[in-house]
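Each remark here refers to the structure printed beneath this line.
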Amino acid sequence: MKVFEKNGHKIIFGDAVEALEAIEDGSVDLIFADPPYNIGKKFVDLADKWESDDSYLSWCYKWLTLCINKLKSNGTMYVMTATQNMPHFDIFLRNKMTILSRIVWYYDSSSVQARKYFGSLYEPILHCVKNPNDYTFNAQDILVQARTGAVRKLIDYRKPVPTVYNSKKVPGNVWHIPRVRYRMDEYENHPTQKPIALLERIVKASSNEGDLVLDPFSGTFTTSYVAKELKRRSIGIEISEEYIKIGLRRLHIATEFNGERLRRERKTYEPSENENQTALSLFEKKSKWNTSSRKRSKAS
Ligand SMILES: C[S@@+](CC[C@H](N)C(=O)[O-])C[C@H]1O[C@@H](n2cnc3c(N)ncnc32)[C@H](O)[C@@H]1O
């Protein structure tokens with residue numbers, strides 16, 4: 032296990048269970064856990080496939096229990112997994128925590144998902160708290176536009192005093208947030224990167240400035256990145272070196288890893304460094320030529 036740390040943000044390069052065991056109990060305000068889903072996604076060093084559903088679930092119950100122990104008594108945890116595993120997570124967690132919301136994150140896709148059944152276009156998220164009478168929920172920080180009524184400037188005459196509809200509201204439990212696409216600035220080379228907008232809503236709602244946010248399966252470190260932007264502290268755990276490098280760069284913890292300069296991967300449509308260099312020297316040549324021709328014409 033290797034730890035990198037800067038300005039309140041910690042990256043742990045290692046196994047989630049081992050790393051969680053080393054974190055102090057009752058020290059974390061918010062956990063976002065987005066584990067491998069056991070559906071055969073290709074992560075750099077891992078096959079996302081367990082021998083059986085039972086072996087996947089018993090591994091999950093181990094880290095879920097550890098996560099609960101790490102939370103403060105007023106802490107919150109959001110957990111994701113594949114739709115087919117979520118009922119097991121739900122039953123396991125509702126005996127140990129209070130599940131406040133069962134969120135559906137849905138997105139559209141231009142590609143064909145399935146031809147002989149209804150393709151999957153959503154992922155479930157559980158929103159759980161340790162104590163339903165004491166938890167953080169910053170409703171004012173996550174308000175969205177209330178469309179019905181407010182947009183049409185309708186008046187609700189059913190009220191004792193006729194009132195205009197609210198123009199803002201706390202989002203419901205169905206969240207439409209686009210997936211991260213290749214051409215988006217935030218894109219990193221990872222098969223299941225979560226969007227900044229998704230984590231922004233979670234971190235804003237369920238933590239305050241200075242709080243400690245933990246992500247045991249960090250991938251591209253979206254959670255830690257958002258925590259940093261929003262002035263929280265963070266711990267991110269990840270087992271793959273390729274993704275650790277993304278985290279170190281995204282959080283500005285290091286510019287090099289084992290002698291390798293950490294740079295965002297160039298997109299196919301972006302010019303290479305050589306092409307940039309050539310364009311720059313052409314530009315320099317052209318401006319030199321312009322300056323000297325201006326001097327020549329002044330002199331004549
Ligand atoms: C679903 S992805 C998380 C994606 C992340 N939320 C993001 O926004 O990029 C799961 C991640 O868990 C990592 N992982 C798998 N097994 C692990 C383990 N035992 N300990 C720590 N990380 C693990 C994988 O390498 C993968 O990056």
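All residue numbers for the sequence shown refer to the numbering used here, where the first residue is 32 and numbers rise by one. C-beta atoms are modelled at their ideal positions from N, C-alpha and C, and glycine is treated no differently.
DSSP puts Met111 in a beta bridge; with which residues?
Against the sequence shown, residue 111 aligns to sequence position 80. Answer is Ile156.
Using the C-alpha atoms, what's the distance from Leu97 back to Ile268?
Position 237 of the sequence shown, counting from 1, holds the residue named residue 268. Position 66 of the sequence shown, counting from 1, holds the residue named residue 97. Answer to the nearest angstrom: the Cα atoms are 14 Å apart.
To the nearest angstrom, report how far apart Asp121 and Ala177 are at their CA atoms.
Within the sequence shown, the letter at position 90 stands for residue 121. Within the sequence shown, the letter at position 146 stands for residue 177. About 30 Å.
Threshold first: 3 residues or longer. Then list the beta strand (DSSP E) segments lying entirely within the region 156-226, N to C.
205-207
Verify the contact flag: Ala47, CB atom, against every heavy atom of ligand 1, threshold strictly below 7 Å.
Position 16 of the sequence shown, counted from the first residue, corresponds to residue 47. Checking every heavy atom of ligand 1 against the Cβ of Ala47, one is found closer than 7 Å.
By DSSP, does Thr125 sit in helix, in strand, or in coil?
The residue you call residue 125 lines up with position 94 of the sequence shown. Contrary to the premise, residue 125 reads as Arg rather than Thr in this sequence. Correct three-state label for Arg125: helix.
If you follow the alpha helix (DSSP H) that Glu272 is part of, which residue opens it and which one closes it?
Looking up residue 272 in the sequence shown gives position 241. Here the alpha helix (DSSP H) through Glu272 covers 272-281.
Please report how far the alpha carbon of Val195 lies from the alpha carbon of His207, in whole angstroms.
As a working mapping, residue 195 is identified with position 164 in the sequence shown. As a working mapping, residue 207 is identified with position 176 in the sequence shown. Distance between the alpha carbons of Val195 and His207: 26 Å.
Collapsed DSSP secondary structure at Glu306 in the structure displayed:
Start at 1 with the first residue of the sequence shown, and residue 306 comes out as number 275. Helix, per DSSP.
Of all Cβ atoms in chain D, is any one closer than 8 Å to the Cβ of Cys91?
Absent here is chain D; the protein component of the structure consists of one chain.
State the CB to CB distance for the pair Ser238 and Asp65, rounded to an integer number of angstroms; the pair is presumed to be in contact (CB under 8 Å).
Sequence index remark: in the sequence shown, residue 238 carries index 207 (1-based). Sequence index remark: in the sequence shown, residue 65 carries index 34 (1-based). Ser238 to Asp65, Cβ: 16 Å. No contact.
DSSP on Trp81, reduced to helix/strand/coil?
Start at 1 with the first residue of the sequence shown, and residue 81 comes out as number 50. In the structure shown, Trp81 sits in coil (DSSP, three-state: anything other than H, G, I, E or B).
Whether Ser255 touches Leu282 by CB criterion (8 Å)
Against the sequence shown, residue 255 aligns to sequence position 224. Against the sequence shown, residue 282 aligns to sequence position 251. Yes. Within cutoff.
Should the region 97-111 be called in touch with the region 152-166, which here means at least 3 C-beta pairs below 8 Å?
yes
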